Amino acid sequence: MSTAQSLPYMQKQDPKMAEAVRGEENREATGLELVPSENYISQACHEALGSVFTNKYSEGYPGARYYGGQDFTDTIETIAIDRACKLFDCKYANVQPHSGAPANIGAYFALCEAGDTILGMDLSHGGHLTHGHPVTHITKSFNFVRYHMKNPDTGEIDYEELREVALREKPKLILAGFSAYSRELDYQKFVDIAREVGAYTMADMAHIAGLIAGKAVKNPFDYGFDIITSTTHKTLRGPRGGIILIRESEELAKKIDKSIFPGLQGGPHMHSIAAKAVAFKEALTPAFQDYAQQILKNAKAMEKVFLDKGIRLLGGGTSNHLLLADVYGSIGVTGQEAETVLDEVGITLNKNSIAGETRTMFDPSGIRFGTPAITTRGLKEAESTRVAELMIEAIINRENTAVKDRIRVKVKVLAETFPIPDSFV
Ligand code: DSN
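Be aware that the sequence shown starts at -19, since it is given in our numbering, and climbs by one per residue.
Spelled out as structure tokens, the structure:
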């Protein structure tokens, strides 16, 4: 929020909580957010999240609920579904997943039987925990097999490997999508391989949903993908939550609905569904398409600075909103060291392991950062270039307090020059 919330009831009843909320408001207002999966929502979205819909139980779907009093919940859920379908050009949507993990798990159980094989991208090459990392419960139910990048310096997926593994393992589902990958996927190749082996296709587009909605990158549905899962709070700039979209199959849509409720979740979070609907309306505007394009331009501006300074970027650069820099391999600073010093100067991002990682998950070689949040604040290419320069200066001078203090002031001035907007329409 651009202005401190007044929090009159919280202040009186629970001052410790009020203090923490104000602390976070101040952190967000005076620093720059580069975690590529974070963003700022509009005040209209905040109003929906803080609305009375948080009081209501609505198990079921519009027109078929298990509790009374659903006049208005049916209205908001129907609107959210209609807007989601329009935004992503598909026939069916389930807007109830509480977030990305339940969206993915719900989709797996809708499309697969226990013991079936799912083919997804290796986590160390950019995939996500919920794509079957051994630490997750989901690996007890399904057999996950992997594909990788052919060359981490171009980001190209090894589609020959993908096809070989698919022919050998006969997956029920082929999964495209990522959490730390900076290039576009060749969706047609996924679809062709899936058709060859009789697998469903699912795209987890949590990171790039806003770029797809804003028509800045390709839509997997244009290539025949069966379903798309996503969060709603990253580039899509909505509330924390999830969605599942189904291109055209009514049968699949019914399976997805049954899988989310009653299969996986209880009562939907109607306040969150109301906020999703508000965000989808915002994303349907021409201004959102400009926003999506600007995210890419800003990422390209940051890419140039890092490459000019000789810092290796995984994938060789970026075609989306995020960058993954091998700071350890390039300048001998670990991902944790870089994250820590950037926190000190008011720039937030996350350490990240890289393909071929030689260090640990807790102190890996890389940092992952991106432009969705700074673009929401109105930063353009010139300011994004400046932010990238300040990042590198801070990382290199991480032991020099005077330099860090100077950079902290510059970051604060930049943040205050571009306040977090209240509205996008
Ligand atoms: N935590 C999210 C991200 O940062 O990419 C994915 O779950």
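Idealized CB from N, CA, C, for every residue including glycine.
Nothing here was measured: the structure is a model prediction, and the numbers come from that model.
{"query": "For the ligand DSN, any of its heavy atoms closer than 7 Å to the Cβ of Gly358?", "result": "no"}
{"query": "Whole angstroms are fine: how far does the CA of Gly106 sit from the CA of Asp96?", "result": "23 Å"}
{"query": "Could you check whether Leu244 and Phe89 sit closer than 8 Å to each other, using their CB atoms as the reference points?", "result": "yes"}
{"query": "Met101 bridges to which residues according to DSSP?", "result": "Tyr127"}
{"query": "Within the continuous alpha helix (DSSP H) that includes Thr55, where are the two ends?", "result": "Asp51 to Phe68"}
{"query": "Could you say which of Tyr127, Lys150 and Glu164 lies nearest to Thr134 if we only look at CA atoms?", "result": "Glu164"}
{"query": "Give every residue of the same chain whose Cβ lies closer than 8 Å to the Cβ of Lys(-8), excluding the five residues on either side of it in the sequence, and list them in chain order.", "result": "none"}
{"query": "Sort Ile375, Glu337 and Lys360 by Cα distance to Thr328 and report the nearest one.", "result": "Ile375"}
{"query": "Under 7 Å Cβ to Cβ from Ala(-16), same chain only, skipping five residues before and after it: list those, please.", "result": "Residue confidence is low: Ala(-16) scores 49 on pLDDT, short of 50, so the model does not pin down where it sits. No coordinate-derived value is stated."}
{"query": "Based on the DSSP output, what are the partners of Met182 in its beta bridges?", "result": "Leu155 and Ile207"}
{"query": "Nearest-angstrom Cα distance between Arg366 and Glu373?", "result": "10 Å"}
{"query": "What beta strand (DSSP E) runs, 3 residues minimum, are completely inside the region 281 to 312?", "result": "302 to 306"}
{"query": "What is the residue span of the alpha helix (DSSP H) that Gly246 lies within?", "result": "Gly246 -> no alpha helix (DSSP H), and no H or E assigned at all."}
{"query": "Taking one C-beta from the region 187 to 206 and one from the region 45 to 63 each time, how about it: are there three or more such pairs within less than 8 Å?", "result": "no"}
{"query": "How long is the line joining the alpha carbons of Ala183 and Val383, rounded to whole angstroms?", "result": "44 Å"}
{"query": "Near Ile56, which residues of its chain fall below 8 Å by C-beta distance, leaving aside the five closest residues on each side in sequence?", "result": "Phe33, Met250, Ile253, Ala254 and Ala257"}
{"query": "Could you name the residues whose beta carbon sits closer than 5 Å to any heavy atom belonging to the ligand DSN, keeping them in chain order?", "result": "Ser17 and Ser159"}
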